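Undergrad:
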Amino acid sequence: MLKTILKRILQSIPTLLIVITITFVLTRMIPGNPARTILGPQASAQDIAEMEIKLGLNKSKLEQYADYMIGILHGDFGTSYVYNRPVTSLIAERIPNTLVITLTSLVIAIFIGVGIGVLSAIKQYSILDYIFMILALVGVSMPIFWLGLMLVNLFSVQLGWLPALGMGSMSKGIGDVISHMVLPCFCLATIPTATFARITRSSMLEVIHSDSIKALRARGIKESSIIWKHALKNALPPIVTVLGLQLASAFTGAILTESIFSWPGMGTMIVSAIDNRDYMLIQGTVLFIAVVFVVVNLLVDVVYMIINPRVSYDSKGGN
Amino acid sequence: MKKRILALALVASMCVSLAACGNSGSKETEGTAANSSSAAAETTASGETEAEGDPVKGGTLTISLSASPSKLDPIHYSGVYESEIIKNVCDTLMEYNKDLSEYVPSLATDWTVSDDGMTYVFNIRQGVKFQKGKYQDGREMTAEDVAYSLNRSGELSDSNRLSMLDKAEATGDYEVTCTLKTANSSFLTALTDAGNAIVPKEEVEGWGDDFGSHLVGTGPFSLESFQLDQQAVLKKNVDYWLAEPNLDEVIFKVITDSTQAANALQTGELDVAMDLKGESVQKVKDNADLTLLETPGLHVAYIYFNMEQGPTADIKVRKALIEAVNVEEMVASLYKYGEAQKASLPLPPGSWGYDASLESKVPGYDPEDAKALLAEAGYGDGLTLDLYISDTEARQNMAVLLQAYWAQVGVTLNIHASEWGTFSEVAMSNNADVYGMSWTWYPDPYFFLNKLFSTDEFGGIGNGQHYSNPQVDELLQKALEATDQADRADYYKQALALIVDDLPGLFYANENVIYGVNGRVHDFIQRADSTVKFVTTENNVWVTD
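The listed protein sequences derive, respectively, from chains Z and B.
First residue of the first sequence: 1, per the UniProt record's numbering; consecutive thereafter.
First residue of the second sequence: 1, per the UniProt record's numbering; consecutive thereafter.
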């Protein structure tokens with residue numbers, strides 16, 4: 001297994017190289033110029049030319065690319081044009097904020113989503129099943145930004161129960177932070193919850209109608225134990241795959257959610273980096289998200305091997 | 001593997017394409033504007049909250065910033081939202097009074113100007129102390145600090161905010177002499193800019209590149225903490241030379257969206273919401289606990305024709321395009337909540353260079369004449385133009401109306417709306433037939449007429465359409481060198497008349513500066529240039545619970 005993991009890590013290097021290159025090219029392709037956006041509309045042509053030299057944008061694109069690549073090999077991911085600080089320190093500062101809401105919302109999504117999925121599966125074609133599945137369909141198709149605005153309007157503006165935006169402050173106690181987390185987490189959890197519910201339901205249905213479960217029933221084992229211990233375990237692999245995907249896409253979902261709730265995480269940082277044409281910061285954050293994707297994928301494969309020993313990524317295994 | 005690469009590429013492109021949803025346009029209203037004697041009378045009344053009753057000491061005031069400040073070092077800042085913070089932490093040599101009609105002494109008590117307009121001598125206020133910082137313990141500010149700060153800005157300012165300065169020297173313990181490269185009467189206005197605030201050398205050198213995050217000055221509040229994209233917390237400076245601030249704490253909170261700001265105001269998370277737009281204005285009006293402050297800004301919204309290339313290089317076409325638009329009707333439907341007034345000239349009525357007698361020289365609504373002019377110019381069979389705008393709501397609505405008006409005279413308009421970075425690239429490079437934007441800055445006409453119409457400004461976004469008239473250039477130069485304001489106003493009025501004759505654009509609206517304020521805030525002054533100061537000679541903001 002160690003060998004497989006090592007192999008997978010090596011395989012991810014070309015993937016990351018391609019991501020770096022594509023991001024580099026794309027950021028240079030968006031019209032606009034960092035020097036201009038930094039200096040604002042009143043800047044004269046001369047101010048802009050001076051700023052371009054300062055930022056190294058007067059060099060050829062190829063030279064800039066080479067500089068960037070050499071920097072990365074030395075562990076230097078560049079300095080943000082706007083914040084004038086190393087990209088890595090900016091990401092390090094923001095990542096905990098994003099993790100707090102993405103992980104919390106995923107945990108919520110797993111418990112509620114899997115629970116609903118299992119209930120739907122064992123009560124297939126019941127009223128409950130229909131209600132759950134309609135809700136899941138609505139949830140999966142819900143535009144996050146619309147939902148977010150509606151939540152704010154209802155719970156903050158009309159009812160005044162929860163704060164509309166920001167992260168709160170630990171100095172005002174943990175309660176303040178949690179109350180700020182409720183709406184963004186709910187918003188971010190919607191799609192994963194619905195996805196988990198649907199995937200769990202179909203996976204469970206397949207398993208509970210299989211011979212092995214019938215055999216367990218025949219042996220007179222308690223129904224709840226069959227469902228939650230045996231069936232759910234066998235239904236897990238597709239759920240884990242989806243978990244991996246959801247974890248990674250939660251980062252992209254966070255871009256929208258954080259913008260709606262002014263949550264100071266990676267998402268708001270990426271959006272403002274793009275607005276400001278802060279090339280280094282855009283490249284750094286996209287590369288970071290790419291690394292998250294790669295690592296999560298790797299973890300999913302490892303977990304897969306553990307929960308389902310039939311799966312082997314060793315070519316010698318003859319799969 | 002293939003799928004993964006595809007997925008990753010998708011994320012990359014998604015992130016980049018999100019640029020389109022960003023808070024563009026925030027940069028557009030950057031810079032400042034001000035208010036004039038004519039507009040002042042009717043506006044100052046609405047620009048303040050009640051100061052009645054005995055001021056209460058203590059408390060926190062939370063105010064929104066419509067864009068995220070990143071650089072608080074005066075020489076690096078670029079947006080109003082950064083200068084709001086700088087101006088409460090630092091002082092400048094002088095500042096404008098609340099209706100921006102005259103200079104008020106601040107760190108300089110008085111000053112003299114030589115006859116040739118080249119030398120300025122300032123007397124510096126005594127007994128002013130810097131806030132305590134890591135590298136000095138709150139020592140007195142001296143002439144040396146003033147000279148140091150001004151020279152630093154003259155040499156290093158990213159936006160060349162003091163480029164006219166040759167050198168500043170301490171010629172006494174409390175006297176500074178500034179020599180200019182050439183006579184430039186915008187020098188005093190430049191000194192009111194947050195970019196030319198007075199800062200202590202030890203802190204600047206001690207912190208180096210990080211000075212902005214640990215800004216120290218002589219202002220009413222000291223910077224307690226600064227978190228990127230979140231907030232800046234300011235604590236009162238009990239030793240402030242002017243008066244002890246009433247507020248204990250001021251929090252500048254970054255809220256980039258006007259609706260979000262209005263929501264936060266309603267929930268009480270915010271005390272003051274700046275830059276309200278559209279429906280948010282109505283929300284505040286409808287809420288009895290909130291006050292809407294509105295002051296005509298030093299602002300002009302306009303569409304600018306390409307003066308060098310394409311059909312609009314022909315003045316007949318420009319005249320036809322102006323005549324095709326019913327400006328009054330357009331402004332009424334664009335600004336449903338009365339957020340702007342109809343304009344005619346490329347200078348806001350609040351500027352002292354404004355000349356109302358020129359308004360009648362701008363062609364009025366006359367679609368029949370417009371058609372005739374287009375036929376005369378050889379476009380009887382129609383004409384297609386490309387309009388470039390930033391993707392803000394106000395601009396997009398304007399574009400759609402413009403499209404409809406021009407269609408009536410046979411002009412097909414293609415609208416290209418993109419976020420600010422993309423828009424500015426096209427607009428600056430003389431590649432647009434027509435572009436639509438707005439301009440806002442100081443009351444000195446220099447900051448409008450020079451930036452928008454001087455040949456020297458080719459390549460900047462002000463004059464991206466390459467307006468060039470040698471007579472105008474000459475008058476603008478004379479106005480810059482003259483030291484007497486009456487002379488300067490006269491030159492600017494002459495230049496303005498020539499510009500209006502050339503019909504470079506359609507200047508359609510002057511937008512208001514609009515804030516929502518909670519009833520607990522007292523003695524708060526709104527200014528036409530969007531500067532917010534909590535302690536000045538004219539006010540000292542306080543809050544009740």
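Note that the Cβ used here is the ideal one computed from N, Cα and C, for glycine as well.
All of these numbers come straight from a predicted model, not from anything done at the bench.
What residues from chain Z crowd round glutamate 457 of chain B, counting only those whose CB sits closer than 7 Å?
TA: Numbered from 1 along the second sequence, position 457 holds the residue referred to as residue 457 of chain B. Among the residues of chain Z, those whose CB is under 7 Å from the CB of glutamate 457 of chain B are Ser44, following chain order.
Undergrad: Give a yes or no on whether the minimum CB-CB distance between aspartate 391 of chain B and chain Z is below 8 Å.
TA: By 1-based counting over the second sequence, the position of residue 391 of chain B is 391. Closer than 8 Å: no.
Undergrad: Starting from serine 83 of chain B, trace the alpha helix (DSSP H) in both directions and tell me its first and last residue.
TA: The residue given as residue 83 of chain B occupies position 83 in the second sequence. Counting along the chain, serine 83 of chain B sits inside the alpha helix (DSSP H) bounded by residues 80-89.
Undergrad: In its own chain, which residues sit with a C-beta less than 6 Å from the C-beta of glycine 462 of chain B, not counting the 5 before and 5 after it?
TA: Within the second sequence, the letter at position 462 stands for residue 462 of chain B. Taken in chain order, the residues that qualify are Lys451 and Leu452.
Undergrad: Can you find a C-beta in chain Z that's less than 8 Å from the C-beta of leucine 292 of chain B?
TA: The residue labelled residue 292 of chain B in the question sits at position 292 within the second sequence. Not one chain Z Cβ lies under 8 Å of leucine 292 of chain B.
Undergrad: Alpha carbon to alpha carbon, how far is glycine 208 of chain B from glutamate 84 of chain B?
TA: Counted from its first residue, the second sequence places residue 208 of chain B at position 208. Counted from its first residue, the second sequence places residue 84 of chain B at position 84. Rounded to whole angstroms, glycine 208 of chain B to glutamate 84 of chain B spans 22 Å at the Cα level.
Undergrad: For chain Z, check one thing: does any of its Cβ atoms lie closer than 8 Å to the Cβ of glutamate 153 of chain B?
TA: Counted from its first residue, the second sequence places residue 153 of chain B at position 153. Checking the sequence, you will find serine at residue 153 of chain B rather than glutamate. Closer than 8 Å: no.
Undergrad: Assuming glycine 464 of chain B contacts leucine 387 of chain B (C-beta within less than 8 Å), just tell me the rounded distance between them.
TA: By one-based count along the second sequence, residue 464 of chain B stands at place 464. By one-based count along the second sequence, residue 387 of chain B stands at place 387. Between leucine 387 of chain B and glycine 464 of chain B the Cβ distance is about 14 Å, and since that is not below 8 Å, they are no contact.
Undergrad: Between B/Val281, B/Phe187, B/Lys277 and B/Tyr302, which lies nearest to valine 434 of chain B when the distance is taken from Cα to Cα?
TA: Start at 1 with the first residue of the second sequence, and residue 434 of chain B comes out as number 434. Closest by alpha carbon: B/Tyr302.
Undergrad: Going by C-alpha distance, which of Z/Val207, Z/Gln124 and Z/Pro86 is nearest isoleucine 239 of chain Z?
TA: The count along the first sequence starts at 1 and reaches residue 239 of chain Z at position 239. Isoleucine 239 of chain Z has its Cα closest to that of Z/Val207, out of Z/Val207, Z/Gln124 and Z/Pro86.
Undergrad: Identify, in the order they occur along the chain, each residue of the same chain with its Cβ nearer than 6 Å to the Cβ of glycine 31 of chain B, setting aside the five sequence neighbours on each side.
TA: Your numbering for residue 31 of chain B matches position 31 in the second sequence. Note that glycine 31 of chain B scores a pLDDT of 32, beneath 50, so its modelled location is shaky and nothing firm can be said.
Undergrad: The beta strand (DSSP E) with glycine 516 of chain B in it runs from where to where?
TA: Taking the second sequence and counting its residues from 1, the one referred to as residue 516 of chain B is at position 516. Element bounds for glycine 516 of chain B: 505-518.
Undergrad: May I have the straight-line CA-CA distance separating valine 294 of chain Z from serine 106 of chain B, to the nearest angstrom?
TA: As a working note, residue 294 of chain Z is residue 294 in the first sequence. As a working note, residue 106 of chain B is residue 106 in the second sequence. Valine 294 of chain Z and serine 106 of chain B: Cα-Cα distance of roughly 58 Å.
Undergrad: Between threonine 62 of chain B and leucine 270 of chain B, how many whole angstroms is the CB-CB distance? I'm expecting something under 8 Å.
TA: Here the question's residue 62 of chain B lines up with position 62 in the second sequence. Here the question's residue 270 of chain B lines up with position 270 in the second sequence. That pair is a contact at about 5 Å.
Undergrad: Counting only Cβ-Cβ distances shorter than 7 Å, please list the residues of the stretch 23-50 of chain Z near chain B, keeping chain order.
TA: Thr23, Leu26, Thr27, Ile30, Pro31, Gly32, Asn33, Arg36, Thr37, Ile38, Leu39, Gly40, Pro41, Gln42, Ala43, Ser44, Ala45 and Asp47
Undergrad: Taking buried to mean at least 16 other C-beta atoms within 10 Å of its own C-beta, is tryptophan 146 of chain Z buried or exposed?
TA: Here the question's residue 146 of chain Z lines up with position 146 in the first sequence. Under this definition tryptophan 146 of chain Z is an exposed residue.
Undergrad: Is the CB of threonine 268 of chain Z under 8 Å away from at least one CB in chain B?
TA: Sequence index remark: in the first sequence, residue 268 of chain Z carries index 268 (1-based). At a cut-off of 8 Å, the C-beta of threonine 268 of chain Z has a neighbouring C-beta in chain B.
Undergrad: When the Cβ atoms of the stretch 277-287 of chain Z are set against those of the stretch 27-37 of chain Z, are three or more pairs found closer than 8 Å?
TA: Yes, the stretch 277-287 of chain Z touches the stretch 27-37 of chain Z.
Undergrad: Less than 8 Å between C-beta atoms, sequence neighbours within five positions excluded: which residues of the same chain meet that for leucine 299 of chain Z?
TA: Numbered from its first residue, the first sequence carries residue 299 of chain Z at position 299. The residues are Gly244.
Undergrad: Just to confirm, is the Cβ distance from residue 547 of chain B to leucine 191 of chain B under 8 Å?
TA: Since the first residue shown for chain B is 1 and the last is 545, residue 547 of chain B is missing from the structure and cannot be characterised.
Undergrad: Can you tell me whether arginine 219 of chain Z is buried or exposed, with buried defined as 16 or more other CB within 10 angstroms of its CB?
TA: Position 219 of the first sequence, counting from 1, holds the residue named residue 219 of chain Z. With fewer than 16 Cβ atoms within 10 Å of its Cβ, arginine 219 of chain Z is classed as exposed.
Undergrad: Taking the beta strand (DSSP E) that proline 105 of chain B falls in, what are its first and last residues?
TA: The residue labelled residue 105 of chain B in the question sits at position 105 within the second sequence. Counting along the chain, the beta strand (DSSP E) containing proline 105 of chain B begins and ends at 103-105.
Undergrad: Touching or not, the stretch 175-190 of chain Z and the stretch 216-234 of chain Z, by the rule of three or more beta carbon pairs under 8 Å?
TA: no
Undergrad: Please name the residue, chosen from B/Asp158, B/Val199 and B/Ser418, that lies closest to glutamate 50 of chain Z on a Cα-to-Cα basis.
TA: On the first sequence, position 50 is the one that residue 50 of chain Z refers to. The candidate whose alpha carbon is nearest that of glutamate 50 of chain Z is B/Asp158.
Undergrad: Which of the three DSSP states, helix, strand or coil, is assigned to residue 550 of chain B?
TA: An answer regarding residue 550 of chain B cannot be provided, because it is not within the stretch 1 to 545 covered by chain B.
Undergrad: Just to confirm, are aspartate 366 of chain B and glutamate 323 of chain B a CB contact at a threshold of 8 Å?
TA: On the second sequence, residue 366 of chain B is found 366 positions in, with the first residue counted as 1. On the second sequence, residue 323 of chain B is found 323 positions in, with the first residue counted as 1. Going by C-beta atoms, aspartate 366 of chain B is nearer than 8 Å to glutamate 323 of chain B.
Undergrad: Strictly by DSSP, which residues pair up with aspartate 386 of chain B?
TA: By one-based count along the second sequence, residue 386 of chain B stands at place 386. The partner list for aspartate 386 of chain B (beta bridge, DSSP) reads B/Asn414.
Undergrad: Taking DSSP as the reference, what is the three-state secondary structure of residue 561 of chain B?
TA: This structure leaves residue 561 of chain B out entirely; chain B is present only between 1 and 545.
Undergrad: If you reduce the DSSP assignment to three classes, tell me which class valine 1 of chain Z lands in.
TA: As a working mapping, residue 1 of chain Z is identified with position 1 in the first sequence. The question names valine, but residue 1 of chain Z in the sequence shown is methionine. Three-state DSSP puts methionine 1 of chain Z in coil, outside helix and strand.
Undergrad: Taking the continuous alpha helix (DSSP H) assigned at isoleucine 122 of chain Z, which residues delimit it?
TA: One-based indexing of the first sequence puts residue 122 of chain Z at position 122. That run of the alpha helix (DSSP H) goes 87-122.
Undergrad: Looking at the secondary structure, which residues open and close the beta strand (DSSP E) in which asparagine 123 of chain B lies?
TA: If you number the second sequence from 1, residue 123 of chain B lands on position 123. It spans 119-124 - the beta strand (DSSP E) in which asparagine 123 of chain B sits, taken as one unbroken run.
Undergrad: Leucine 265 of chain B and leucine 292 of chain B: beta carbons closer than 8 Å?
TA: For the purposes of this step, residue 265 of chain B is identified with residue 265 of the second sequence, where counting begins at 1. For the purposes of this step, residue 292 of chain B is identified with residue 292 of the second sequence, where counting begins at 1. No, the Cβ-Cβ distance between leucine 265 of chain B and leucine 292 of chain B is not below 8 Å.
Undergrad: Which chain Z residues are close to asparagine 160 of chain B, counting only those with a beta carbon under 9 Å from its beta carbon?
TA: As a first step, residue 160 of chain B is located in the second sequence; it is residue number 160 there, counting from the start. Those within 9 Å of asparagine 160 of chain B in chain Z are Ala43, Ser44, Gln46, Asp47 and Glu50.
Undergrad: Starting from the beta carbon of proline 192 of chain Z, find every residue of chain B whose beta carbon is closer than 7 Å, and list them in chain order.
TA: Here residue 192 of chain Z is taken as the residue at index 192 of the first sequence, counted from 1. Under the 7 Å cutoff, chain B gives no residues; its nearest Cβ is about 17 Å from proline 192 of chain Z.
Undergrad: In the stretch 168-186 of chain Z, which residues sit with their C-beta less than 7 Å from some C-beta in chain B, listed in chain order?
TA: none
Undergrad: Using alpha carbons as the reference points, say which of B/Phe507, B/Tyr379 and B/Gly219 lies closest to valine 250 of chain B.
TA: Position 250 of the second sequence, counted from the first residue, corresponds to residue 250 of chain B. If we check each option's Cα against that of valine 250 of chain B, B/Gly219 comes out closest.
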